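Novice: Got a structure here, written out as structure tokens. Questions coming.
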Amino acid sequence: MNRRVLGQKFARLATNAVMRSPQLWRVFRPLMRKQFDAIAGTWDTMRAADHLAPYEAALEAVEPQPARTLDLGTGTGQGAFAIARRFPEAEVVGVDLATAMVEEADRKMPDDLRRRVRFEAADASALPYPGESFGLVAHANMIPFFDELDRVLQPGGQALFAFSLGEETPIYVAAERLRTELERRGFIDFAEFTAGKGTAFLARKPVRA
Ligand SMILES: C[S@@+](CC[C@H](N)C(=O)[O-])C[C@H]1O[C@@H](n2cnc3c(N)ncnc32)[C@H](O)[C@@H]1O
């Protein structure tokens, strides 16, 4: 079995384990970081050209236009750049656990986005941001941490989850599971998307009564 297949198997194992028991993340965290640090330089050659098709399809349904946005597990920053292109007024923060990914994302930053997009190394399970600070929190091929997502999302803001290869994506969480976790936290306005080979899911945190 080659390294790439092993990495995909590890990503799937970690996703399923953390979805079952979020406290297991601290066991997987250093391994995940090491894995993505090692492949940061070649990550963009490992994906299909339309890998963000479902992410972009869900972005089209985001409204109103968010002012502050977050792309969690941003990798080389392509999701963050897509948000910035879609919402020309928005500030975008791309976060990744792997510092080599953050460096790659910085390196790939188009000059015209430099004023609104920044990348930071952080863990999506314990973000260094105040509560209710983002109007959109997006994930492309990334394990969700629902409590932390709920904490940083503004009331009325939206959460986006995209998986480039649908259920074949190594890091994949089924729509039913996303809905269950988000319903439990009071989220509403669920929508599902398919585009290219992938799927996406959108949900809104309710505005307090
Ligand atoms: C499968 S890659 C996806 C990268 C990018 N979103 C894309 O679709 O091309 C997952 C990324 O999430 C990062 N990651 C995994 N767990 C994370 C966490 N808890 N917090 C922040 N980043 C994380 C990894 O380092 C990796 O860069």
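All letters in the sequence shown, in the order written, are residues 161 to 369 by my numbering. The beta carbon of each residue, even a glycine, is placed where N, CA and C say it ideally should be. The structure displayed is predicted, hence computed values, not measured ones.
Contact defined as beta carbons within less than 8 Å: I believe Ala298 pairs with Ile243. What is the distance between those atoms, to the nearest angstrom?
Specialist: Here residue 298 refers to the residue found at position 138 of the sequence shown. Here residue 243 refers to the residue found at position 83 of the sequence shown. Between Ile243 and Ala298 the Cβ distance is about 6 Å, and since that is below 8 Å, they are a contact.
Novice: Exposed or buried, what is Asp307 when buried is set at 16 or more other beta-carbons lying within 10 Å of its beta-carbon?
Specialist: Position 147 of the sequence shown, counting from 1, holds the residue named residue 307. Exposed is the call here.
Novice: Regarding Thr234 and ligand 1, is the C-beta to nearest heavy atom distance less than 7 Å?
Specialist: The count along the sequence shown starts at 1 and reaches residue 234 at position 74. Result yes, Cβ under 7 Å from ligand 1.
Novice: Beta carbon of Gly239: closer than 7 Å to some heavy atom of ligand 1?
Specialist: For the purposes of this step, residue 239 is taken as the residue at position 79 of the sequence shown. Answer for Gly239: yes, Cβ within range of ligand 1.
Novice: May I have a chain-ordered list of the beta strand (DSSP E) segments no shorter than 3 residues that lie completely inside the segment 239-302?
Specialist: Listed in chain order, the complete beta strand (DSSP E) runs (minimum 3 residues) inside the segment 239-302 are 251-256, 277-281 and 294-300.
Novice: For Phe196, verify whether its CB is less than 7 Å away from any heavy atom of ligand 1.
Specialist: Taking the first residue of the sequence shown as position 1, residue 196 is located at position 36. Yes, ligand 1 has a heavy atom inside 7 Å of this Cβ.
Novice: Kindly list the residues whose CB is nearer than 6 Å to the CB of Val312, restricted to its own chain and excluding five residues on each side of it in sequence; keep chain order.
Specialist: By one-based count along the sequence shown, residue 312 stands at place 152. Answer for Val312: Leu287, Tyr289, Ser293 and Phe294, listed in chain order.
Novice: In or out: Gly291 buried (at least 16 other Cβ within 10 Å) or exposed?
Specialist: Taking the sequence shown and counting its residues from 1, the one referred to as residue 291 is at position 131. It is exposed - the Cβ of Gly291 has fewer than 16 other Cβ atoms within 10 Å.
Novice: If distances are taken between C-alpha atoms only, which option among Asp271, Ala177 and Ala258 comes closest to Trp203?
Specialist: Within the sequence shown, residue 203 is the residue found at index 43, counting from 1. Residue Ala258 is the option with its Cα nearest to Trp203.
Novice: Between Lys365 and Gly316, which are expected to be in contact by the criterion C-beta below 8 Å, what is the C-beta distance as a whole number of angstroms?
Specialist: Counting from 1 along the sequence shown, the entry for residue 365 is found at position 205. Counting from 1 along the sequence shown, the entry for residue 316 is found at position 156. Right, the Cβ-Cβ distance comes to about 7 Å (below 8 Å), so this counts as a contact.
Novice: Assess, as a yes-or-no matter, whether the segment 211-221 is touched by the segment 320-327 under the definition of 3 or more beta carbon pairs within less than 8 Å.
Specialist: With the cut-off at 8 Å, the segment 320-327 and the segment 211-221 touch.
Novice: State yes or no: is the C-beta of Glu280 within less than 8 Å of the C-beta of Val255?
Specialist: Here residue 280 corresponds to residue number 120 of the sequence shown, with the count starting at 1. Here residue 255 corresponds to residue number 95 of the sequence shown, with the count starting at 1. It is a contact, given that the beta carbons lie within the stated cut-off.
Novice: Cα separation between Phe188 and Glu220?
Specialist: If you number the sequence shown from 1, residue 188 lands on position 28. If you number the sequence shown from 1, residue 220 lands on position 60. One C-alpha to the other measures close to 33 Å.
Novice: Where Met302 and Thr340 are concerned, what is the direct C-alpha to C-alpha distance, given to the nearest angstrom?
Specialist: Reading the sequence shown from its first residue, position 142 is the one you call residue 302. Reading the sequence shown from its first residue, position 180 is the one you call residue 340. Roughly 18 Å between the two C-alpha positions.
Novice: Please report the straight-line C-alpha distance between Ala198 and Ala284, rounded to a whole angstrom.
Specialist: Within the sequence shown, residue 198 is the residue found at index 38, counting from 1. Within the sequence shown, residue 284 is the residue found at index 124, counting from 1. Straight-line Cα distance between these residues: approximately 19 Å.
Novice: Closest to Arg246 by C-alpha separation, out of Leu232, Thr175, Ala282 and Gln225, would be which residue?
Specialist: Sequence index remark: in the sequence shown, residue 246 carries index 86 (1-based). Among Leu232, Thr175, Ala282 and Gln225, the Cα nearest to that of Arg246 belongs to Gln225.
Novice: Comparing the CB of Asn301 with every heavy atom of ligand 1, is any distance shorter than 7 Å?
Specialist: The residue given as residue 301 occupies position 141 in the sequence shown. For ligand 1, at least one heavy atom lies less than 7 Å from the Cβ of Asn301.
Novice: Where Thr359 and Gly326 are concerned, what is the direct C-alpha to C-alpha distance, given to the nearest angstrom?
Specialist: Indexing the sequence shown from 1 puts residue 359 at position 199. Indexing the sequence shown from 1 puts residue 326 at position 166. So the alpha carbons of these two residues sit roughly 5 Å apart.
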